[in-house]
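This report refers to the structure that appears directly beneath it.
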Amino acid sequence: MKQLITLLGILFVSTPLINAQANCQEEPPSGLSPLAAYSIFYENYRSGDYEFALDYGRWMICAKPEKLEGNPRFSLLSQYKRMATIYEEISRTKEDPTVKTAYVDSAMIILNEAIELFGEDQKTEFDLTFKRGRFYQQNYNNIDNGLQKAYGDYAKLFEINPERAISLGDGYYLRQALNNIVRQGTKEEAQAFIDNVKPFATGEALAFIEEKQQEILGSPEEQIAYFSPLVEEDPENLEAWKALESAYEDLDDREKLNEVKLKINELEPTYESAMGLAEFARGNAEYQDAVEYYNQALERTDDNSQRKDLFLRLADMHINLESLSTAKRYVQDALAIDANDGAAYIKMATIYGAAVTQCTEDRTLEAADKVVYWLVIDYLNKAKQIDPSVANTVNRQMSSFEDVTPNSEDKFFTLNLENGQTIRVDGSLNSCYSFINESTTVR
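The sequence shown runs -22 to -1, 1 to 421 under mature numbering (1 follows the signal peptide of the UniProt record, and there is no 0).
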């Protein structure tokens, strides 16, 4: 605790009301022992008889006892908080503006002195600053520049402990503090506040901060002009890199955006940073690069839903790379997580359909090739059967495959097959179907 000091002129003489009522006394009233006076004070405080409690509480603020014999749980800090509450509550009962203001002034003096005396401890400083900010806001009509003082205290909370402050009131105090800084302060002051709190923000709080970021910096060009020197000075300034990422996205400067995303992935190797690079590479048809970053994302998550999605994305990339056997393995990995995902069965149908296209790239479609489409249809039907949500997608695709399955001539004369017969789709049809190695039914 900071050295306890008695304010010059003593606490309460600064207000007309208190000056008129009593001088500061370091001894309990009516000759009572400190313990007896405290007991009367506490019981009346607890019961809401604030006027009576006040008479027995002033001496503690004057004397500042650190201990109270007979009460090992005594805390002078608690008495400061109670006395501030008492003055504030009494003020609410007064109609005379001068009297009301006098009580408010006394509460404000007590809160200020409490911060001075006990503010070396971070948690205590935070709690008292929050209490004073709320006090300023609730009593701003009786405090000179009261709202600005309240917003100043709310901003101070983010200096003391930004991680704790950002969660207060579901982001209410963040909005009050930052809105006020944007209105009243400089661009540099607002940006410094954002840089301090943004690492702790998520969800709606992060969205609000980013909205204010745009407001104070304006155009993407202005943002780039502001943040580029910051990353030159400090190449590990992650928040500045993320701000540049947003600016380059707005400008659709894909070359610079890729550079920034790579740097972010280096500084903060997360699932999200790898996904950002993977999706960027996919959008540029750089499928091999996309595979690399999807695999990075896969290494950085234990969430089965994310893993299943990544397996299907990797299957897509390998379809585009014409590596169909690898694509099939990724679909199997997805189905191992969720055997009821219709999208995975559609993906398998897509792979087998792509096998026919790949196999007949430099020749005419033959009867043996058409057999593969029965298997494609099997997977489409299974997708619809286990997952009705994909029915429309399946129905749109089905007819295009049904039209190219083996006709009667293909079945009976070329392939020597009978309806209902089981046939293997593997290298016996053509070596390029070896990886499929599944059976279907002639129909």
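Even glycine gets a Cβ: it sits at the ideal position worked out from N, Cα and C.
Determine the burial state of residue i: buried for a count of at least 16 other Cβ atoms within 10 Å of its Cβ, exposed for fewer.
{"i": "Pro213", "result": "exposed"}
{"i": "Gln(-2)", "result": "Its pLDDT being 38, under 50, Gln(-2) is placed unreliably by the model, and the measurement read from it follows with that caveat. Looking at its Cβ environment, which holds fewer than 16 other Cβ atoms inside 10 Å, Gln(-2) is exposed."}
{"i": "Phe391", "result": "exposed"}
{"i": "Val403", "result": "buried"}
{"i": "Lys325", "result": "buried"}
{"i": "Ser84", "result": "buried"}
{"i": "Leu343", "result": "exposed"}
{"i": "Ser251", "result": "buried"}
{"i": "Asn385", "result": "exposed"}
{"i": "Pro177", "result": "exposed"}
{"i": "Glu73", "result": "exposed"}
{"i": "residue 430", "result": "The question about residue 430 has no answer, for the chain in this structure spans -22 to 421."}
{"i": "Asn373", "result": "exposed"}
{"i": "Thr(-8)", "result": "Low local confidence applies: a pLDDT of 45 at Thr(-8) is under 50, so the model's placement there is unreliable, with the coordinate-based value given in what follows. Buried, because 16 or more other Cβ atoms sit within 10 Å of the Cβ of Thr(-8)."}
{"i": "Asn243", "result": "buried"}
{"i": "Asp340", "result": "exposed"}
{"i": "Asp122", "result": "exposed"}
{"i": "Asn282", "result": "exposed"}
{"i": "Gln57", "result": "buried"}
{"i": "Glu223", "result": "buried"}
{"i": "Gly111", "result": "buried"}
{"i": "Ser406", "result": "exposed"}
{"i": "Thr71", "result": "exposed"}
{"i": "Lys101", "result": "exposed"}
{"i": "Asn318", "result": "exposed"}
{"i": "Arg232", "result": "exposed"}
{"i": "Asp27", "result": "exposed"}
Taking 7 Å as the cut-off, decide whether the C-beta atoms of residue i and residue j are in contact.
{"i": "Ala275", "j": "Tyr308", "result": "no"}
{"i": "Tyr361", "j": "Leu393", "result": "Per the sequence presented here, residue 361 reads as Ala, with Tyr not at that position. No, the pair does not count as a contact, with Cβ atoms beyond the cut-off."}
{"i": "Ala327", "j": "Leu358", "result": "yes"}
{"i": "Lys239", "j": "Gly261", "result": "no"}
{"i": "Tyr132", "j": "Tyr114", "result": "no"}
{"i": "Ile68", "j": "Ala31", "result": "no"}
{"i": "Leu229", "j": "Pro198", "result": "yes"}
{"i": "residue 438", "j": "Tyr16", "result": "No information on residue 438 is available, as it lies outside the stretch -22 to 421 that the chain covers here."}
{"i": "Glu167", "j": "Ile159", "result": "yes"}
{"i": "Leu13", "j": "Gly35", "result": "no"}
{"i": "Phe379", "j": "Val354", "result": "yes"}
{"i": "Ala62", "j": "Ile88", "result": "yes"}
{"i": "residue 500", "j": "Thr79", "result": "Past the edges of the chain, shown from -22 to 421, lies residue 500, and the structure says nothing about it."}
{"i": "Leu55", "j": "Phe19", "result": "no"}
{"i": "Tyr272", "j": "Leu288", "result": "yes"}
{"i": "residue 479", "j": "Glu217", "result": "Because the chain spans -22 through 421 in this model, residue 479 falls outside it and cannot be assessed."}
{"i": "Trp37", "j": "Pro6", "result": "yes"}
{"i": "Arg368", "j": "Gly398", "result": "First, the amino acid is wrong: residue 368 is Val here, not Arg. Contact flag unset, no."}
{"i": "Thr107", "j": "Lys134", "result": "yes"}
{"i": "Leu290", "j": "Ala312", "result": "yes"}
{"i": "Ala332", "j": "Leu302", "result": "yes"}
{"i": "Trp219", "j": "Lys234", "result": "no"}
{"i": "Gln336", "j": "Glu300", "result": "yes"}
{"i": "Glu91", "j": "Ala41", "result": "no"}
By alpha-carbon positions, which one of the options ends up nearest to residue i?
{"i": "Ile401", "options": "Glu387, Ser409, Glu416, Ser412", "result": "Glu416"}
{"i": "Ala179", "options": "Glu4, Ala143, Gln169", "result": "Ala143"}
{"i": "Asp294", "options": "Ala268, Ala317, Thr279", "result": "Ala268"}
{"i": "Asp316", "options": "Gln284, Val334, Asp347", "result": "Gln284"}
{"i": "Tyr323", "options": "Asp356, Glu98, Ala332, Glu277", "result": "Asp356"}
{"i": "Val334", "options": "Ile93, Phe413, Glu141, Glu246", "result": "Phe413"}
{"i": "Trp352", "options": "Cys337, Thr383, Gln192, Lys241", "result": "Thr383"}
{"i": "Pro247", "options": "Thr279, Lys234, Ala259", "result": "Thr279"}
{"i": "Ala155", "options": "Gln310, Ile187, Gly181", "result": "Ile187"}
{"i": "Ser29", "options": "Glu4, Lys42, Ile39, Glu66", "result": "The sequence shown places Glu at residue 29, not Ser. Comparing Cα-Cα distances from Glu29 to each of Glu4, Lys42, Ile39, Glu66, the minimum goes to Glu66."}
{"i": "Gln126", "options": "Gly149, Asn157, Ile39", "result": "Asn157"}
{"i": "Tyr81", "options": "Asn117, Ala92, Phe52", "result": "Asn117"}
{"i": "Leu146", "options": "Cys410, Asp381, Ala183", "result": "Ala183"}
{"i": "Asp347", "options": "Asp27, Ala203, Lys389, Asp33", "result": "Lys389"}
{"i": "Ser25", "options": "Lys42, Arg60, Gly196", "result": "Arg60"}
{"i": "Asp148", "options": "Gly124, Phe171, Gly130, Gly181", "result": "Gly181"}
{"i": "Asp33", "options": "Ala92, Cys2, Pro50, Glu141", "result": "Cys2"}
{"i": "Ala225", "options": "Asn215, Leu245, Gly196", "result": "Gly196"}
Quick test of your reading: residue i and residue j, contact by CB under 8 Å. State the CB separation rounded to the nearest angstrom.
{"i": "Tyr330", "j": "Val349", "result": "Tyr330 to Val349, Cβ: 11 Å. No contact."}
{"i": "Val175", "j": "Phe205", "result": "Incorrect: roughly 17 Å between the Cβ atoms, too far for contact."}
{"i": "Gln169", "j": "Ile194", "result": "6 Å"}
{"i": "Ile138", "j": "Glu103", "result": "6 Å"}
Under 7 Å, Cβ to Cβ, is there at least one residue of chain C near residue i?
{"i": "Phe413", "result": "Absent from the structure: chain C. Only one protein chain is present."}
Going residue by residue through the stretch 25 to 65, where are the continuous alpha helix (DSSP H) segments of at least 4 residues, counting only ones entirely within it?
28 to 33, 36 to 41
Alpha helix (DSSP H) runs contained entirely in the stretch 63 to 140, provided each spans 4 or more residues:
75 to 96, 100 to 116, 124 to 138
Secondary structure, alpha helix (DSSP H): runs of 4+ residues fully inside the stretch 324 to 383
345 to 364, 369 to 380
Whole runs of the alpha helix (DSSP H) within the stretch 227 to 268, excluding any shorter than 4 residues:
232 to 245, 249 to 261
Just list the alpha helix (DSSP H) runs in the stretch 137 to 173, keeping only unbroken ones of 4 residues or longer that don't cross its boundaries, in chain order.
140 to 143, 150 to 162
Just list the beta strand (DSSP E) runs in the stretch 187 to 230, keeping only unbroken ones of 3 residues or longer that don't cross its boundaries, in chain order.
none
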